[in-house]
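K.L.:
Sharing a structure, written as structure tokens. Questions coming.
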Amino acid sequence: MLHQKILILDFGSQVTQLIARRVREAHVFCEVHPCDVTDEWIREYAKDGNLKGVILSGSHASVYEESTDKA
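Just so it is clear: in the sequence shown, position 56 is 38 by the working numbering, and no numbers are missing.
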């Protein structure tokens, strides 16, 4: 049986693992990956049709930083 899954992209948030735990407590499979994964990788990850959402996890302070990774 294939399960629904959520992809969490980590942009440097201190609460990324907490978010992942909460998703798992809701009985949804999730994985945390760095924000620099390629769009091709995400398409391959979603190929099975079970990817139900993507969470972009980043610090509120990173919004104002010049060198911050962008989604």
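Glycine included, each C-beta is placed from N, C-alpha and C at the ideal position.
According to the neighbour-count rule (16 or more other Cβ atoms, all chains shown, within 10 Å of its Cβ), is residue 36 buried or exposed?
P.N.:
Walking along the sequence shown from the start, residue 36 turns up at place 54. It is exposed - the Cβ of residue 36 has fewer than 16 other Cβ atoms within 10 Å.
K.L.:
For residue 41, which residues of its own chain have a beta-carbon under 8 angstroms away from its beta-carbon, when the five flanking residues on both sides are left out?
P.N.:
Start at 1 with the first residue of the sequence shown, and residue 41 comes out as number 59. Answer for residue 41: -7, -6, -5 and -4, listed in chain order.
K.L.:
According to DSSP, simplified to helix, strand and coil, what is residue 36?
P.N.:
For this step, residue 36 is matched to residue 54 along the sequence shown. Strand.
K.L.:
Residue 38: which of 1, -14 and -15 sits nearest, CA to CA?
P.N.:
Walking along the sequence shown from the start, residue 38 turns up at place 56. Measuring from the Cα of residue 38, the nearest candidate turns out to be 1.
K.L.:
By how many angstroms is the C-alpha of residue 23 removed from the C-alpha of residue 14?
P.N.:
Counted from its first residue, the sequence shown places residue 14 at position 32. Counted from its first residue, the sequence shown places residue 23 at position 41. Going by the C-alpha atoms only, they are around 14 angstroms apart.
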